[in-house]
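Visitor: Residue numbers (this note's numbering), protein chains in the order written: chain A, 1428 to 1560; chain B, 955 to 1140.
Note that the Cβ used here is the ideal one computed from N, Cα and C, for glycine as well.
On a predicted model such as this, the values are computed, not experimentally measured, just so you know.
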Amino acid sequence: MKQEKRESDELPEALIARLKMADESSPIITARVDREISNLAGKQFSSRPDKRRAAPVWLAVAATMVLAVFLIQSFERTDTGTAELYSDVDGSGQIDIADVMALARRSGHAASNAALAAFAMRVVSLENNGDAS
Amino acid sequence: MPQLQQRSDAELVEQCNTGSRDVAEKAFEVLYARHKDYVVSVAYRYLRDADLVLDVLQETFTYLLKRFPPPGDGLTLDAKLQTLLYTVAKNSALSVLRKNNRADVASECDPDEFPAADTPDSEIGQLLSGLSPTQREIVVLRFIDDMSLADIAKALDVPLGTVKSRLHASISALRNSPYVKAYFNK
Chain A
1428 MKQEKRESDE LPEALIARLK MADESSPIIT ARVDREISNL AGKQFSSRPD
1478 KRRAAPVWLA VAATMVLAVF LIQSFERTDT GTAELYSDVD GSGQIDIADV
1528 MALARRSGHA ASNAALAAFA MRVVSLENNG DAS
Chain B
955 MPQLQQRSDA ELVEQCNTGS RDVAEKAFEV LYARHKDYVV SVAYRYLRDA
1005 DLVLDVLQET FTYLLKRFPP PGDGLTLDAK LQTLLYTVAK NSALSVLRKN
1055 NRADVASECD PDEFPAADTP DSEIGQLLSG LSPTQREIVV LRFIDDMSLA
1105 DIAKALDVPL GTVKSRLHAS ISALRNSPYV KAYFNK
C-alpha cells in the first residue's frame, strides 16, 4: 500500500520530459535588460564601502609586517648588530614601516628576524600613538 | 569571477547583504545570471508578450535588490532562492496583467491559483487539462521546476499536507486524462 502511494505521487519520466519541453519559453533576454539590471545593482550598492578602503589601517600594517618577515627569510643573517634598527633607514625623514621594509631588502644587514619584527611592532605602536616622526 | 560562480545562492545572498560594493555587485550579477531564465519561464506562463515578460524580469530582480541594505534590512533565505523568485515573478506577472487591462485573465487568477494564461491552446494547457488551476500549478512546480514539496508549500503559502493531497489528486486525475494516460501505461 505504501509503495503504491509513493508511486502515485510521481509522473512517468517521459511525461515529465514532455512537460519540460512544452514549458520552454521563447522570450529572449536582451542585452538592454541585462544592462539595466546591472546598472540597478550598481546604484543599489553604490553606498557600500570600496573593498580597498574597507580594510583597517592596522590590518594593512600587519600584512606589511608579515611580508617583511617573509622577505627576511631569503637573506642570510646573524643575530648580531642592531645599529640600523629604529632608525630612518630610507631617509624619508620619519621612522615608519617603510624603514622596516628597506632594512629587510638591504643585503648584508645583521638584524635577526625577531629584531626586525620588534622594529615593526615599535613603528606600529608609534604610529598608533601619533608619535611617528 | 569563477570563485563567486561556484558559491551557493545562500552564500551569494550573504555577500549581497554584507559585502563591499564590488563584491556585492558581482555576487548579485551571478545570482541574476543563474536565475534570470527561470524568472522568464515563470512570467511566460502568465504573459505571452515578450516585453511584458521582460518587465516582470526587471521587477523581480529590482525587488530582490531592494531587499539588500541599504535601504533594505537584508535578505534571509528560509527556503531556496528559486522559491522566492517564483512568488515574486508570479505576483509581478499578475500585477502586469491587471495593469494592462487583462482583467479577464487576472480576475480568474486568485493569487493562489495558476492562471488561465496557460490556455488549452498551449501544449502544457492541453497536457494538464482536466486539472484545476491550483492542481496545474502544483504539478508544474513539482515536475517542471523540480521544487520540493516543502518549497512548494512555502511558495504557495499553504501547509505541506495540503500540497501533498493536491499533488496526489492531480496525479490521479492525470492517470485518467485522455491526453496523458498512455504515459502511465507504458
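(1) Could you give the DSSP three-state label for B:D1009: helix, strand or coil?
(2) Should B:L1039 and B:V993 be called a contact, given that it needs their Cβ atoms to be closer than 8 Å?
(3) Of all Cβ atoms in chain A, is any one closer than 8 Å to the Cβ of B:Q957?
(4) Just verifying my parser: in three-state terms, what is the DSSP assignment at B:Q1080?
(5) Could you give the first and the last residue of the continuous alpha helix (DSSP H) run that contains B:S1086?
(6) Report the three-state DSSP secondary structure of A:M1448 (helix, strand or coil).
(7) Could you confirm whether any beta carbon from chain C is found closer than 8 Å to the beta carbon of B:Q1012?
(8) Between B:N1045, B:Y998 and B:T972, which lies nearest to A:R1471 when the distance is taken from Cα to Cα?
(9) In three-state terms, what does DSSP make of B:N1130?
(10) Could you check where the alpha helix (DSSP H) with B:E968 kicks off and where it finishes?
(11) Between which two residues does the alpha helix (DSSP H) harbouring B:R1021 extend?
(12) What is the rounded straight-line gap between the Cα of A:G1520 and the Cα of A:L1543?
(13) Under the three-state reduction of DSSP, which class applies to A:R1475: helix, strand or coil?
(14) Are the CB atoms of A:V1516 and A:A1529 within a distance shorter than 8 Å?
(15) Near B:C970, what residues of its chain come up, given a Cβ to Cβ distance below 6 Å and the 5 sequence neighbours on each side ignored?
(16) Please check if any C-beta of chain A sits within less than 8 Å of the C-beta of B:A1071.
(17) Check the Cβ of A:S1465 against every Cβ in chain B and list those closer than 7 Å, keeping chain order.
(18) Are B:A997 and B:V1010 close, meaning C-beta to C-beta below 8 Å?
(19) Could you give the DSSP three-state label for B:G1115: helix, strand or coil?
(20) Please confirm whether B:H989 has its beta-carbon closer than 8 Å to some beta-carbon of chain A.
(21) According to a CB-to-CB cut-off of less than 8 Å, which residues of the stretch 1019-1044 of chain B neighbour chain A?
(22) Within 10 angstroms of the Cβ of A:L1524, are there 16 or more other Cβ atoms? Answer buried if so, exposed if not.
(23) Does DSSP classify A:L1438 as helix, strand or coil?
(24) In angstroms with no decimal places, state the Cα-to-Cα distance between A:E1503 and A:A1495.
(25) Mind checking whether B:Y1000 and B:L1048 have CB atoms under 8 Å apart?
(26) Could you tell me whether the Cβ of A:S1519 comes closer than 8 Å to any Cβ of chain B?
(27) Flag A:T1457 as yes if its beta-carbon sits less than 8 Å from any beta-carbon of chain B, otherwise no.
(28) Can you find a C-beta in chain A that's less than 8 Å from the C-beta of B:T1016?
(29) List the whole-angstrom C-beta distance separating B:A1033 from B:D1105, where the pair is believed to meet the contact cut-off of C-beta under 8 Å.
Guide: Quick answer:
(1) Counting from one through the second sequence, the residue named residue 1009 of chain B turns up at place 55. Helix.
(2) Taking the second sequence and counting its residues from 1, one reaches residue 1039 of chain B at position 85. Taking the second sequence and counting its residues from 1, one reaches residue 993 of chain B at position 39. It is a contact, given that the beta carbons lie within the stated cut-off.
(3) The count along the second sequence starts at 1 and reaches residue 957 of chain B at position 3. Not a single C-beta of chain A is nearer than 8 Å to the C-beta of B:Q957.
(4) Residue mapping note: residue 1080 of chain B aligns to position 126 of the second sequence, counting from 1. The answer is helix: DSSP assigns B:Q1080 an H, G or I state.
(5) Looking up residue 1086 of chain B in the second sequence gives position 132. B:S1086 -> no alpha helix (DSSP H), and no H or E assigned at all.
(6) Position 21 of the first sequence, counting from 1, holds the residue named residue 1448 of chain A. If DSSP states are grouped into helix, strand and coil, A:M1448 belongs with the helices.
(7) Going by chain labels, chain C is absent from the structure shown, which instead holds the protein chains A and B.
(8) Looking up residue 1471 of chain A in the first sequence gives position 44. It should be pointed out that residue 1471 of chain A corresponds to Gln in this sequence rather than to Arg. Of all alpha-carbon atoms in B:N1045, B:Y998 and B:T972, the one lying nearest the alpha-carbon of A:Q1471 is that of B:T972.
(9) As a position in the second sequence, residue 1130 of chain B is number 176, starting the count at 1. The answer is coil: DSSP assigns B:N1130 none of H, G, I, E or B.
(10) Residue 968 of chain B sits at position 14 when you count from the first residue of the second sequence. From DSSP, the alpha helix (DSSP H) with B:E968 extends over D963 to T972.
(11) Residue numbering aside, residue 1021 of chain B sits at position 67 when the second sequence is read from its first letter. Membership of B:R1021 in any alpha helix (DSSP H) is not indicated, and neither H nor E is assigned to it by DSSP.
(12) Your numbering for residue 1520 of chain A matches position 93 in the first sequence. Your numbering for residue 1543 of chain A matches position 116 in the first sequence. Taking the straight line joining both Cα atoms gives about 19 Å.
(13) Within the first sequence, the letter at position 48 stands for residue 1475 of chain A. Coil at A:R1475, not helix or strand.
(14) Counting from one through the first sequence, the residue named residue 1529 of chain A turns up at place 102. Counting from one through the first sequence, the residue named residue 1516 of chain A turns up at place 89. Their beta carbons are under 8 Å apart, which means A:A1529 touches A:V1516 by this criterion.
(15) Indexing the second sequence from 1 puts residue 970 of chain B at position 16. Excluding sequence positions up to five before and after B:C970, its CB lies within less than 6 Å of the CB of A978, A981, F982 and F1022, all in the same chain and listed in chain order.
(16) Residue numbering aside, residue 1071 of chain B sits at position 117 when the second sequence is read from its first letter. Caution applies to B:A1071, whose pLDDT of 44 falls short of 50 and renders its modelled position unreliable; the model cannot decide the point.
(17) For the purposes of this step, residue 1465 of chain A is taken as the residue at position 38 of the first sequence. Ordered by position in chain B, the residues that pass the 7 Å Cβ test against A:S1465 are E983.
(18) Here residue 997 of chain B refers to the residue found at position 43 of the second sequence. Here residue 1010 of chain B refers to the residue found at position 56 of the second sequence. The answer is yes: Cβ separation under 8 Å.
(19) Numbered from 1 along the second sequence, position 161 holds the residue referred to as residue 1115 of chain B. In this structure, B:G1115 counts as helix in the three-state DSSP scheme.
(20) Translated into the one-based positions of the second sequence, residue 989 of chain B becomes position 35. No, no contact with chain A.
(21) L1019, K1020, F1022 and P1024
(22) For the purposes of this step, residue 1524 of chain A is taken as the residue at position 97 of the first sequence. Note on residue identity: the sequence assigns Ile, not Leu, to residue 1524 of chain A. Counting Cβ neighbours within 10 Å, A:I1524 comes out buried, since at least 16 surround it.
(23) As a working mapping, residue 1438 of chain A is identified with position 11 in the first sequence. Of the three classes helix, strand and coil, the one that applies to A:L1438 here is coil, per DSSP.
(24) Taking the first residue of the first sequence as 1, we reach residue 1503 of chain A at position 76. Taking the first residue of the first sequence as 1, we reach residue 1495 of chain A at position 68. Below a pLDDT of 50, predicted positions are generally treated as unreliable, and A:E1503, at 49, falls in that range; no measurement from the model is reported.
(25) In the second sequence, residue 1000 of chain B corresponds to position 46, counting from 1. In the second sequence, residue 1048 of chain B corresponds to position 94, counting from 1. A contact, by the Cβ cut-off of 8 Å.
(26) The residue labelled residue 1519 of chain A in the question sits at position 92 within the first sequence. It does not; no Cβ of chain B falls within 8 Å.
(27) Taking the first residue of the first sequence as position 1, residue 1457 of chain A is located at position 30. Under the Cβ criterion of 8 Å, A:T1457 is counted among the residues facing chain B.
(28) Counting from one through the second sequence, the residue named residue 1016 of chain B turns up at place 62. Residue contact with chain A for B:T1016: present (Cβ-Cβ distance below 8 Å to some residue of chain A).
(29) Against the second sequence, residue 1033 of chain B aligns to sequence position 79. Against the second sequence, residue 1105 of chain B aligns to sequence position 151. Right, the Cβ-Cβ distance comes to about 5 Å (below 8 Å), so this counts as a contact.
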